[in-house]
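Be aware that the sequence shown starts at 193, since it is given in our numbering, and climbs by one per residue.
Data first, discussion second: the structure below is written as structure tokens.
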Amino acid sequence: MDDEVQVQCPYCFQWQLLVVDPQTRGVMIQDCDVCCRPWRVYVERDADGRPRVSVERS
Ligand SMILES: [Zn+2]
Numbered sequence: 193m194d195d196e197v198q199v200q201c202p203y204c205f206q207w208q209l210l211v212v213d214p215q216t217r218g219v220m221i222q223d224c225d226v227c228c229r230p231w232r233v234y235v236e237r238d239a240d241g242r243p244r245v246s247v248e249r250s
């Protein structure tokens with residue numbers, strides 16, 4: 193099952209739900225659903241496999 197993580201857009205500051213599939217790790221590029229500007233999304237996993245996600249301006 194995919195993980196859903198609340199993230200805040202670094203441009204428009206809207207909170208959105210980001211779906212992260214279980215294989216995803218590292219860096220991915222994703223456009224904001226609200227303002228369409230590109231995010232650089234960092235996905236890490238803790239020891240339980242839970243995602244830790246941070247978002248920066250790309
Ligand atoms: Zn945005």
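C-beta: ideal position from N, C-alpha, C; glycine also.
To the nearest whole angstrom, what separates the beta carbons of residue i and residue j, a pair I think is in contact under 8 Å?
i, j, result
"V219", "V197", "Not quite, the Cβ-Cβ distance comes to about 15 Å (not below 8 Å), so this is no contact."
"P214", "D238", "Between D238 and P214 the Cβ distance is about 14 Å, and since that is not below 8 Å, they are no contact."
"Y203", "R229", "5 Å"
Answer with buried or exposed for residue i, where buried requires no fewer than 16 other C-beta atoms within 10 angstroms of its C-beta.
i, result
"L209", "exposed"
"W231", "buried"
Which residue or residues does DSSP assign as beta-bridge partners of residue i?
i, result
"P230", "D223"
"R244", "E236"
"W195", "For clarity, residue 195 is Asp in the given sequence; the question names Trp instead. Answer by DSSP bridge pairing, in chain order: V212."
"Q206", "Per DSSP, none; premise fails for Q206."
"R217", "R217 is not bridged to any residue."
Please name the residue in the options whose C-alpha comes closest to that of residue i.
i, options, result
"S250", "D223, R244, Q200, P243", "D223"
"E236", "R229, S246, Q206", "S246"
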